[in-house]
Amino acid sequence: MPLHPYDALMATATTSKSQRLTEFTTGVGGNVDTENHVIRNVKILGASSKNGRTYTEHAMRQAIALYEGAKVNLNHPKGKPDQPRDYQDRIGHLSNIAFRESALFGDFHYNPKHPIAGQLIHDAQHSPASGGFSHNVQAQISKSGGKLVVEAITRVTSVDLVADPATTNGLYEHVEEPEMSLAEMTLEQILAARPDLKAAVLTEAQQSQESQDQAAELKRLREQVDAFEAKEKLAARKAVVDAKIAEANLPAATLSAVFLESCYEATDEKLAKLIEDRASLAKQTLVQKPKSSEQNVVESVLPQIADAKSFAAFLRS
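At position 91 of the sequence shown the residue is numbered 712 (the working numbering), and the sequence of numbers has no breaks.
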């Protein structure tokens, strides 16, 4: 029995892995607004990373809400990527996230009282390549043509402000969970990670509907054929009965509609008996002699008499 489309999708969805990623985006340059303590239009995430990963436009657009309001910390955490950060690490947050030019941009609201605020403003104005944003995110990864493709960003833990990417080799990555279990995945995450499966499910559903339509049409055609065959069978039966009645040379006056209908529905054995009885009845009632009033009555009601039993009942009445 073939699997339901959703079950088939679930059975193959484990090929997409959930990974912890850290990406470095060079440069903190932008429009520095020292009055409102904002560095506007900073690049947060690009489509390609130096480690060979590619972020789909869908993944970046879907992640806009996750980056909105994301906290910005200084440097990477010393231990695990998702461990709690020290208070002094916090330097600001992001807002007004937007997708354009194949990348995510936004405004970096910094704390003007932070010990490195002066250094940050100087670098943003005069040496933007001195630092950049590094992302600590959870993402769904797939492989296409030997390259890693980020299909969806499911969680933004933090955005870290770091120094020269050479210090951290641009980015680092480790697999926190080798594979997200199906019990933890939503249908949206599965479809985002495997768009090919989504297309396959839609195709199978369409084919299933087409099969149902074809079955309904086949049933309708069979019903038409059955009705035609029944009509042909009745016509053939009438031809046989009419021939036997003609062979018996029954008077036309004896061939009532009721009698003919009984003949058409009768078996061959019963048909012979009906014709025999009608011939005998015709012989008895249609004798050539002057007509009396009783004879006129007989002739007027004779077409309504189907068999000998009916005639006997008429006589008794």
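A virtual CB, placed ideally from N, CA and C, is assigned to each residue, including glycine.
- Between Val862 and Leu902 the beta-carbon gap is near 18 Å, outside 8 Å, which marks them as no contact.
- According to the DSSP assignment, Thr655 belongs to no beta strand (DSSP E), since it is labelled neither H nor E.
- A distance below 7 Å between beta-carbons, with the five flanking residues on each side excluded, links His730 to the following residues of its chain, in chain order: His658, Val659, Gly713, His714 and Ser716.
- In this structure, Ala773 is the residue among Ile811, His697 and Ala773 with its C-alpha nearest to the C-alpha of Ala686.
- For a cut-off of 8 Å, the C-beta gap from Arg843 to Leu871 is around 40 Å, too long to register as a contact.
- Between Gly727 and Glu689, the gap from beta carbon to beta carbon is short of 9 Å.
- Residues Ile896 and Ala900 of the same chain have their beta carbon placed closer than 7 Å to that of Ala869, with the five preceding and five following residues left out of the count.
- The closest CA to that of Thr888, considering only Leu876, Arg858, Ala864 and Val693, is found on Arg858.
- Rounded to whole angstroms, Ala848 and His679 show a C-alpha spacing of 57 Å.
- About 5 Å separates the beta carbons of Val780 and Val693, which is inside the 8 Å limit, making them a contact pair.
- For the stretch 669-733, the continuous beta strand (DSSP E) assignments of 3+ residues that do not extend past its boundaries occur at 692-695, 711-721 and 724-731, in sequence order.
- The C-beta of Ser670 has 16 or more other C-beta atoms within 10 Å across all chains shown, which makes the residue buried.
- Listed in chain order, the non-local C-beta contacts of Thr778 below 6 Å within the same chain comprise Asp703 and Asn757, local neighbours out to five positions each way being set aside.
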